[in-house]
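Peer 1:
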Amino acid sequence: MQRPHSCRGKLKAPAAIHDDSSTRLWECRVAESEPNKPSLPSNLSGRSRGRSHLTSPPMSRLLSRRHLAAAAAARRSAPLACVSRWLHTPSFATVSPQEISGSNPAEVHNFVQGSWTASANWNWIVDPLNGEKFIKIAEVNGTEIKPFVESLSKCPKHGLHNPLKAPERYLMYGDISAKAAHMLGQPAVSDFFAKLIQRVSPKSYQQALAEVQVSQKFLENFCGDQVRFLARSFAVPGNHLGQRSNGYRWPYGPVAIITPFNFPLEIPLLQVMGALYMGNKPLLKVDSKVSVVMEQMLRLLHDCGLPAEDMDFINSDGVTMNKLLLEANPKMTLFTGSSRVAEKLAADLKGRVKLEDAGFDWKILGPDVQEVDYIAWVCDQDAYACSGQKCSAQSVLFMHKVKTNCKCGLLCWWAWVVIVDYVHRL
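Position in the sequence shown (from 1) plus 1 gives the number in our numbering.
1) Check whether the Cβ atoms of Ser396 and Asp374 sit closer than 8 Å, and answer yes or no.
2) Could you tell me whether the Cβ atoms of Glu108 and Asn124 are closer together than 8 Å?
3) If you follow the beta strand (DSSP E) that Lys282 is part of, which residue opens it and which one closes it?
4) Nearest-angstrom Cα distance between Ile138 and His110?
5) How about Pro331 and Leu284: do their beta carbons lie closer than 8 Å?
6) Could you give the DSSP three-state label for Met400: helix, strand or coil?
7) Return the Cβ separation of Thr334 and Val256 in integer angstroms, given the expectation that the two are a contact with Cβ distance under 8 Å.
8) Grab me the residues of Trp280's own chain with a C-beta within less than 6 Å of its C-beta, minus the 5 sequence neighbours each way, in chain order.
9) So for Met333, helix, strand or coil by DSSP?
10) Looking only at C-alpha atoms, which of Lys158, Gln99 and Phe194 sits nearest to Gln297?
11) Applying the criterion that 16 or more other CB atoms from any shown protein chain within 10 Å of the CB defines a buried residue, is Val287 buried or exposed?
12) Smallest Cα separation from Val447: which of Thr260, Gly143 and Gly132?
13) My output table needs one value for Gln229: the three-state DSSP class, helix, strand or coil.
14) Do you know whose CA, among Leu398, Asn131 and Arg170, lies nearest Leu231's CA?
15) What residue does the beta strand (DSSP E) around Lys355 start on, and which one ends it?
16) Taking its Cβ as the centre, do 16 or more other Cβ atoms sit within 10 Å of Pro129, making it buried, or is it exposed?
17) Along the beta strand (DSSP E) that carries Leu366, what are the first and last residues, could you check?
18) Pull the bridge partners of Thr118 from the DSSP assignment, please.
19) Between which two residues does the beta strand (DSSP E) harbouring Phe223 extend?
20) In the DSSP output, which residue or residues are listed as bridge partners for Ala236?
21) Assuming contact is defined by CB atoms lying nearer than 8 Å, are Ala1 and Asp358 in contact in what I supplied?
22) What is the residue span of the alpha helix (DSSP H) that Glu151 lies within?
23) By a C-beta neighbour count over all protein chains shown, 10 Å radius and 16 as the cutoff for buried, is Asn316 buried or exposed?
24) Go through the segment 290 to 350 residue by residue and report every complete run of the beta strand (DSSP E) that reaches 3 residues or more, in order.
25) Quick one, are the C-beta atoms of Leu350 and Leu326 less than 8 Å apart?
26) Mapping the DSSP letters down to three states, classify Glu140 as helix, strand or coil.
27) Use the C-beta contact count for Gly254: other C-beta atoms within 10 angstroms, 16 or more gives buried, fewer gives exposed.
28) To the nearest angstrom, report how far apart Val293 and Val237 are at their CA atoms.
29) Measuring only the C-alpha atoms, how far is Ala209 from Phe235?
Rendered as C-alpha cells:
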C-alpha cells in the first residue's frame, strides 16, 4: 500500500487531534503538491519508507513540521485555557489573579451608601516582580469624604440591630456566615483568594491558603444561631420586689476599622464581621497595597446576602482617613498598626479607639538551644519579613550566658542594629 494514498484515506478528522495527526497531514500535502515526483517502489514496507521519508527532507521541511505541530498545540490549548479561566474565576469576582498585569490592570473601587464608586484620583500599585503598574486604586482625597461622613451619620447610636431592635438580623447574619463559609470552602474560591493574596503579598501558597482557611473556619463558627448567642445578655435580681438589673450587649453604632498590610484577608474580615454581627455599621479601610483582596471579599459577602447599606469600604491615605474620622466622629475606631499612629489616634479621637498596635517583644534563647544560626534567622524573618509583621514580632533577642560567645554576641548585636534601623525608618 502506498503511504500517500493511505494518508488521504485516513485523514478526514482535523489535524489538531494530536501531534502525530498534524505530521501525517503535512506528509499528505507534500505528496499531493508534488504529483510529478517519482514515488518509491511499492514493494517497500511502510516502515522502511517511513525511515527514508524522515531522513531525506531538508531542514526547512523539518522546521515546517515543528511549526505545524506547535500551531496545533496552540489551537488545542487556547480554548482549554479560556474554559479553565471561566471555570476557576468565581461569579462574584471582577479580577483574575493570573491575568492581573501592566497590560491588564485591576481596579479597586470604594463602596459607600450601597454602591461602588470611583474617585478623581487613581493611585497605582507597582508589581514588585517587574516594576509594572498593575493595580489601580480609587483613592479618596480630602474633598471626597462627604458621602462617607453622611453614611456613618445615618446610623443611629443604638446600631442597625440590638437585642431589642430587629433581632431577626442576628439570624440573617448567621445565614450570611454559613453561605460565605461554604463559598470559601470551595476549592475554586479558596484558590482564587490564595492566589490573589500572593499577587499583593510575598507569601507562599500554603501561607496564603492558610489565611483563607482560618477565615473560613471563623465564618463556620458563627453560622446558624451562633451570632444570636454571641449577643447573650444577663439579669441581676434587685433588692426588692419588682426590681431587676438587665445588661445587654449593645452596639456602638457607627464605627471605623483600619487594618494593615500583613494579612490582607484574615484581619479585616474577622474584625468587620464581628462589628456587623453586633449591629454596628463599620467603615473599613485596608492598606491600599493589599485592599484588592478585601474588595473581592466584600463582593463575595454581597453575593451571600450582606445588605449593601450595612458597611462602607474606603481607599485613602492616612491624612485623608484622619480627617474623615475627625469629621464623622465614629463612636469607636479599631486600629491595627504601628504604635506611633495609635498614639495620634488616641489623642485625636479622645480615647474612642481600640488598639492592636506594636509592642516591645523580646525572646530569650535557653542554654539547650541548638542551631542558633537558624533560630536567629527564623526570629529575624518573624520580625521583619512581610508576613511576619504581627504582634509576636521580635524586638530583641537574648542569649543564655552558657551559649554566649563571639558569634552569638554578633547575632544579638546585629538584631539590635536592625531594630534601630527599622525604628528610624518609621
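We put the beta carbon where it would ideally sit given N, CA and C, even for glycine.
Bear in mind the structure is a predicted one, so any value in this text is a computation, not a measurement.
Peer 2: Working from what's here:
1) no
2) The answer is no: Cβ separation not under 8 Å.
3) Segment Lys282 to Val287, the beta strand (DSSP E) holding Lys282.
4) 7 Å
5) Note that the C-beta distance between Pro331 and Leu284 is below 8 Å.
6) strand
7) 7 Å
8) Correcting the residue type first, residue 280 is Gly in the shown sequence and not Trp. So the list reads Gly160, Leu161, His162, Asn163 and Pro252, once near-sequence residues are dropped.
9) strand
10) Phe194
11) Label assigned to Val287: buried.
12) Look at the range of the chain in this structure, 2 to 427, and you will see that residue 447 is not part of it.
13) It should be pointed out that residue 229 corresponds to Arg in this sequence rather than to Gln. If DSSP states are grouped into helix, strand and coil, Arg229 belongs with the helices.
14) Arg170
15) Following the DSSP letters along the chain, one finds Lys355 inside the beta strand (DSSP E) bounded by residues Val354 to Asp358.
16) exposed
17) Unbroken beta strand (DSSP E) run through Leu366: Trp363 to Leu366.
18) Asn111
19) From DSSP, Phe223 is part of no beta strand (DSSP E); its letter is neither H nor E.
20) According to DSSP, Ala236 bridges with Asn247.
21) For the chain, the structure presents residues 2 to 427; residue 1 sits outside this window and is missing.
22) Lys147 to Ser154
23) buried
24) 313 to 315 and 333 to 338
25) Yes, they are a contact pair.
26) Strand, per DSSP.
27) Taking all protein chains in view, the Cβ of Gly254 is crowded by 16 or more other Cβ atoms within 10 Å, so the residue is classified as buried.
28) 47 Å
29) 40 Å
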